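Report on one structure; see the data block that follows.
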Amino acid sequence: MLLPFVYEALPSRVVFGAGSLQKLPEEIDRLGATRALVLCTPEQRAIGADIVVMLGARSAGVFDGAVMHVPAEVAAAARERATRVGADCCVAIGGGSTTGLAKAIALTAKLPILAIPTTYAGSEMTPIWGITEGGVKKTGRDVLVLPKTVIYDPVLTTSLPVGLSVTSGINAIAHCVEALYSKDANPIISLIAEEGIRALASGLREVVKQLGNMDARSRALYGAWLGGVSLGAVGMALHHKLCHTLGGTFNLPHAETHTVVLPHAVAYNAAAAPEAMERIARALGADSAAQGLYDLAASLGAPVSLEALGMRREQLDQAADLAVQNPYYNPRPVTREGIRRLLEDAFEGRRPATPVTRSVEPQ
Ligand code: NAD
């Protein structure tokens, strides 16, 4: 039965395709902007400089200080630069950290953002911002920070190393997975999310064999876009809460933590969200959603245990305590005992033991 739902589309323009970076100057004109401040990380300084050259008179220079989790002092420095050079838009080229910095500027200076993602993080499709002060990341939602234009050029992702390609891609799969059993789930986003998993899984399977395979890179980036749309449209659940807790408290790496935890969060929710499980399994061409996700990660050479990420066994109890501290939506009620068991499985890297959720048909 089709249950009642609310669907709200977010306004953004997407320009997709190999070589689409060349359209940047005309896309800046389309925004009505004339002085673009280019943002990047120190590691991506060279590509930031290339963008400045490409923009010519439309450029207001480059700020190359983007770092993970948008520290407040970096946000303040970038805002000051934007004001000083009279920027009327930001071009963010890079991953979620660079897009996050552009959002911090947009939040106060109200400058439009043109984002050029080079990872699969998906931040460019969400109205979610985050700024870290005194070790605490404050987040919020404001449509003001949603990039007005996004240029997805898969050529830019070919320099992503194999490990980051895989874990960033599985991070994007996690956005799709949790959208399927979100409290705000709706038929449109479920179509998008299922297709996102299919595109990412099939793309990543080829990317690991040949990092420059443009067809595979295009499919993976297309899936990442769909993951970003899913993340921006509906609320997440247990998996994102666990990863946030593990990353924040034990300083575990972002995308790798998502990769390890995802099959276990899905196994935990399997019985409570059968339709979501069927969609995930179908998109992966697997018998079971949780096992399919685990097998995908393992076959791509990704880490499968929290121990491999540097977590210690004696931290599991504290992690379980923190994960149940504040109530939040999840399709299956969150219990201390259940979460402790989930974390133990993820720590050990066990393949989830879930019942078959559908009979498999070849894709
Ligand atoms: P990142 O942006 O921190 O990038 C990781 C590293 O990879 C950086 O050194 C970067 O310069 C480099 N890099 C990026 N693209 C590259 C490429 N094509 N080739 C070579 N190197 C490249 O990592 P991320 O995973 O994209 O983003 C993570 C951050 O984004 C986290 O802080 C996370 O919280 C945030 N995030 C926010 C949202 C949101 O909606 N607000 C969504 C997803 C992620």
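Residues 23 to 385 in our numbering are what the sequence shown lists, from first letter to last. In this text, a Cβ means the ideal position worked out from N, Cα and C, and glycines have one as well. In this text the structure is predicted, and so the values were computed from the model without any measurement.
Residue 49 versus 59, 180 and 172, residue with shortest Cα-Cα distance
Translated into positions along the sequence shown, residue 49 becomes position 27. Relative to residue 49, the option among 59, 180 and 172 whose CA is nearest is 172.
C-alpha gap between residue 384 and residue 235, whole angstroms
Against the sequence shown, residue 384 aligns to sequence position 362. Against the sequence shown, residue 235 aligns to sequence position 213. Its pLDDT being 44, under 50, residue 384 is placed unreliably in this model, and the coordinates cannot settle the point.
Leaving out the 5 sequence neighbours to the left and right, which residues in its chain are closer than 8 Å to residue 180 when beta-carbon positions are compared?
For the purposes of this step, residue 180 is identified with residue 158 of the sequence shown, where counting begins at 1. Within the same chain, Cβ atoms closer than 8 Å to the Cβ of residue 180 are found at 233, 234, 236 and 239, the five residues on either side in sequence being excluded.
If we count the other Cβ atoms within 10 Å of its Cβ and call it buried at 16 or more, is residue 249 buried or exposed?
On the sequence shown, residue 249 is found 227 positions in, with the first residue counted as 1. Buried, since its Cβ has 16 or more Cβ neighbours within 10 Å.
Report whether the distance from the Cβ of residue 119 to the nearest heavy atom of the ligand NAD is below 6 Å.
Translated into the one-based positions of the sequence shown, residue 119 becomes position 97. For residue 119, the shortest separation between its Cβ and any heavy atom of the ligand NAD lies below 6 Å.
When you compare only the Cα positions, how much space is there between residue 188 and residue 23?
The residue labelled residue 188 in the question sits at position 166 within the sequence shown. The residue labelled residue 23 in the question sits at position 1 within the sequence shown. Rounded to the nearest angstrom, the two C-alpha atoms are 36 Å apart.
According to DSSP, simplified to helix, strand and coil, what is residue 265?
Position 243 of the sequence shown, counted from the first residue, corresponds to residue 265. Collapsing the DSSP output to three states places residue 265 in a helix.
Would residue 20 pass as a contact of residue 289 if the rule is Cβ separation under 7 Å?
Any question about residue 20 goes unanswered here, given that the chain covers just 23 to 385.
Leaving out five residues on either side along the sequence, give the residues of the same chain with a beta carbon under 6 Å from the beta carbon of residue 255.
Along the sequence shown, one-based indexing puts residue 255 at 233. 211.
Using the three-state DSSP reduction, which class does residue 373 fall into: helix, strand or coil?
To locate residue 373, count along the sequence shown from 1; it is residue 351. Reduced to three states, the DSSP call for residue 373 is coil.
Using 8 Å as the cut-off, can you tell me whether the region 359-374 makes contact with the region 308-328, which would need three or more C-beta pairs spanning the two stretches below that distance?
Touching, per the Cβ criterion.
Let me check you understand the geometry: is the CB of residue 190 closer than 6 Å to at least one non-hydrogen atom of the ligand NAD?
Residue mapping note: residue 190 aligns to position 168 of the sequence shown, counting from 1. Yes, the ligand NAD has a heavy atom inside 6 Å of this Cβ.
Taking the alpha-carbon positions, what's the residue 436 to residue 362 distance?
What the structure shows of the chain is the stretch from 23 to 385, and residue 436 is not part of that stretch, so it cannot be assessed.
Could you round the C-beta distance between residue 109 and residue 61 to whole angstroms and report it? I think they count as a contact, below 8 Å.
One-based indexing of the sequence shown puts residue 109 at position 87. One-based indexing of the sequence shown puts residue 61 at position 39. Contact between residue 109 and residue 61 is absent: CB atoms are separated by about 10 Å, not below the 8 Å threshold.
Any non-hydrogen atom of the ligand NAD closer than 6 Å to residue 279 Cβ
Start at 1 with the first residue of the sequence shown, and residue 279 comes out as number 257. No, the ligand NAD has no heavy atom inside 6 Å of this Cβ.
Answer yes if the region 262-272 comes into contact with the region 217-232, meaning at least three C-beta pairs across the two stretches below 8 Å, and no otherwise.
With fewer than three CB-CB distances shorter than 8 Å, the region 217-232 does not count as touching the region 262-272.
According to the neighbour-count rule (16 or more other Cβ atoms, all chains shown, within 10 Å of its Cβ), is residue 369 buried or exposed?
Start at 1 with the first residue of the sequence shown, and residue 369 comes out as number 347. With 16 or more other Cβ atoms within 10 Å, it is buried.
Inspect the CB distances between the region 160-171 and the region 35-49 and report whether three or more fall short of 8 Å.
Verdict: yes, contact present.
Please determine, among 258, 251, 223 and 87, the residue with the shortest C-alpha to C-alpha distance to residue 241.
Taking the first residue of the sequence shown as position 1, residue 241 is located at position 219. With distances taken between Cα atoms, residue 241 lies closest to 223.
Is residue 92 closer than 7 Å to residue 124 when the C-beta atoms are compared?
Translated into the one-based positions of the sequence shown, residue 124 becomes position 102. Translated into the one-based positions of the sequence shown, residue 92 becomes position 70. A distance of 7 Å or more separates the beta carbons of residue 124 and residue 92.
Local Cβ density within 10 Å of residue 68, reported as buried at 16 or more and exposed below that
Translated into positions along the sequence shown, residue 68 becomes position 46. Of the other Cβ atoms in all chains shown, fewer than 16 fall within 10 Å of the Cβ of residue 68; this residue is therefore exposed.
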